[in-house]
Amino acid sequence: MKKALTLGIFLVLAAGLCTIPVFLTFGQPAATDMDRYFVEHGQSQAAANNIVTSIVFDYRGFDTLGESVVLFTAVIGVGLLFRSMKGGEEHEDE
Amino acid sequence: MRMSKIVRTGANLLYPFIIIFGLYVIMHGHLTPGGGFQGGAVVATAAALVIVAYSYQEVTGIIRNVAMKARESVGLLLFIGAGIAALAVGTPFFYNFLANSGLLFGMPVPFGPNPGDLNTAGVIPIMNVAVGIEVWGGLAIILLYMLSSVAKEGS
Amino acid sequence: MIDLIIHALVIAGLIISALMVFFFRDLLAAALAAGFFSFLISLEFYILQAPDVAISQAAIGAGLTTAIFVIAIRATTRYEEGNP
């Protein structure tokens with residue numbers, strides 16, 4: 505029963521994966537308006553040759569700010585998690 | 017508890033080259049594929065190589081805990097400071113005020129494929145350096161914390 | 035034609051390395067196979083013309099994740115126990 509269920513889920517997922525290339529042709533995205541805008545105006549507005557970096561750091565700068573803050577918070581979380589192992593037992597008495 | 021002599025010699029040999037490559041990816045982030053996060057991750061890989069090869073007592077002599085914490089904090093502060101500096105000159109937050117201005121990193125870029133100049137892209141290289149330093153310190157400090165707990169458990 | 039052959043080889047290597055991760059009893063070898071899987075994925079990204087993602091995948095997936103696995107294996111046992 506369990507094996508049949510696993511096989512059925514696997515077959516459904518495989519069939520879905522195989523039908524995706526039928527409906528979506530590779531290399532032709534559905535919406536290209538923003539891509540056109542960035543390719544045409546990126547070099548004159550942001551003055552960078554690498555359009556990807558100019559999007560990440562200029563057009564979508566707030567996203568990068570959030571990403572940096574998330575990384576900082578993750579480091580603080582890891583530091584809090586390993587704090588007790590690093591400090592030893594002398595802090596528990598206080 | 018450390019790896020064999022082959023691993024330690026290879027780590028010593030590769031450590032400066034990986035750091036140089038990562039700094040190249042960070043510094044040329046506005047010209048070639050890559051950028052602050054990718055270059056910082058490459059530099060952190062060099063730290064990870066040393067951290068894996070040596071024991072915790074030897075790693076703290078090569079990669080210092082305080083220096084990595086300082087790198088992370090200074091990187092994030094420099095990144096936010098580059099955003100606030102746009103407010104100081106009268107433009108919106110995070111505006112690219114140095115682009116096409118003729119000052120530092122301020123040369124204009126012609127349209128179309130061109131070889132590229134390092135002195136372009138305004139505030140983007142500064143942010144690249146900031147994010148690269150921050151990712152370097154952050155990922156290395158995560159690995160150092162994990163190795164410190166491992167060293168405590170093993171002894 | 036040569037692009038198609040390289041593409042097929044990379045995808046076959048992806049499947050083989052994923053199966054190696056699943057079947058290895060030596061956990062250090064399994065971690066290294068996972069790193070090789072990430073490296074092949076970064077090669078696939080490069081073939082699909084996304085070099086930025088390829089660099090970050092090669093650094094994070096193949097470098098740092100493998101390092102974290104090696105540190106974790108160093109603190110625990112190297113060989114998996116029990117019946118599969």
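Chains as they are written, first to last, in this note's numbering: chain A, 505 to 598; chain B, 17 to 171; chain C, 35 to 118. For each residue, glycine too, the CB sits at the ideal point set by N, CA and C.
Give me the subset of the segment 135 to 154 of chain B whose CB atoms are less than 7 Å from a CB atom of chain C, sorted by chain position. none
State buried or exposed for B:ASN144, treating a residue as buried only when at least 16 other CB atoms are found within 10 Å of its CB. buried
Give, in chain order, every residue of the segment 41 to 74 of chain B whose Cβ lies closer than 9 Å to some Cβ of chain A. HIS44, GLY45, HIS46, LEU47, THR48, PRO49, GLY50, GLY51, GLY52, PHE53
Roughly how many angstroms lie between the CA atoms of C:TYR101 and C:ALA63, to the nearest whole one? The residue you asked about is not Tyr; residue 101 of chain C is Ala in the sequence shown. Spanning the two alpha carbons is a distance of roughly 13 Å.
Comparing C-alpha positions only, which one of C:TYR80, C:ASP60, C:ALA68 sits nearest to C:ILE50? C:ALA68
Cutting at 6 Å between CB atoms, please list the residues of its own chain near B:GLY132, excluding the five before and the five after it. LEU47
If you draw a straight line from the C-alpha of A:SER548 to the C-alpha of B:PRO124, how long is it? 7 Å
Which residues of chain F have a Cβ atom closer than 9 Å to the Cβ of A:ASP562, listed in chain order? The structure shown contains no chain F; the protein chains it does contain are A, B and C.
With a CB to CB cut of under 6 Å and the five nearest residues on each side skipped, what residues in its chain are close to B:ALA69? MET19, VAL23, ARG24, ALA27
In chain order, each beta strand (DSSP E) run of at least 3 residues that lies wholly inside the segment 75 to 129 of chain B: none
Any beta carbon of chain C sitting closer than 8 Å to that of B:VAL166? yes
Of all the CB atoms in chain C, is at least one closer than 8 Å to the CB of B:LEU39? no
Quick check on the burial criterion: 16 or more other C-beta atoms within 10 angstroms. Buried or exposed for B:ALA86? exposed
Sorted by chain position, which residues of the same chain lie with C-beta nearer than 7 Å to C:ALA70's C-beta, five sequence neighbours on each side aside? With the sequence shown as reference, residue 70 of chain C is identified as Phe, and Ala is not the correct amino acid for it. Around C:PHE70: SER51.
Which bits of chain C does B:LEU159 rub up against, with CB to CB less than 9 Å? LEU98, ALA101, ILE102, ILE105
What does B:MET162 touch in chain C if you count any residue whose Cβ is under 8 Å from its own? ILE102, ILE105, ALA106
Drop a sphere of 10 angstroms on the beta-carbon of C:ARG108, count the other beta-carbons inside from all chains shown, and report buried for 16 or more, exposed for fewer. buried
Check whether B:GLY138 and A:ALA551 have beta carbons under 8 Å apart: yes
DSSP three-state label for A:THR529, please. coil
Have a look at C:THR110, C:ALA106, C:ARG112, C:ALA93 and flag the residue whose alpha-carbon is nearest the alpha-carbon of B:ALA57. C:ALA93
Can you say whether A:HIS595 is buried or exposed, counting buried as having 16 or more other CB atoms within 10 angstroms of its CB? Because A:HIS595 carries a pLDDT of 48, less than 50, the predicted location of this residue cannot be relied on, and no value is offered for it.
Should B:GLU150 be labelled buried (16 or more other beta-carbon atoms within 10 Å of its own) or exposed? buried
State the CB to CB distance for the pair B:THR136 and B:PHE121, rounded to an integer number of angstroms; the pair is presumed to be in contact (CB under 8 Å). 6 Å
With a cut-off of 8 Å on the beta carbons, I'd call B:TYR161 and A:VAL582 a contact; round off their distance for me. 5 Å
Buried versus exposed, by CB contacts within 10 Å (16 or more), C:LEU77: buried
Going by the beta-carbon positions, is the gap between C:LEU48 and C:LEU74 smaller than 8 Å? yes
Locate the alpha helix (DSSP H) running through B:LEU30, then write down its first and last residues. 21 to 43
Where does C:TYR113 sit, in a helix, a strand or coil, going by DSSP? strand
Look at B:ALA146 and B:ALA60 and say whether their C-beta atoms are less than 8 Å apart. no
Straight-line Cα distance separating B:PHE53 from B:GLY118: 27 Å
With which residues is B:THR136 paired in a DSSP beta bridge? B:MET123
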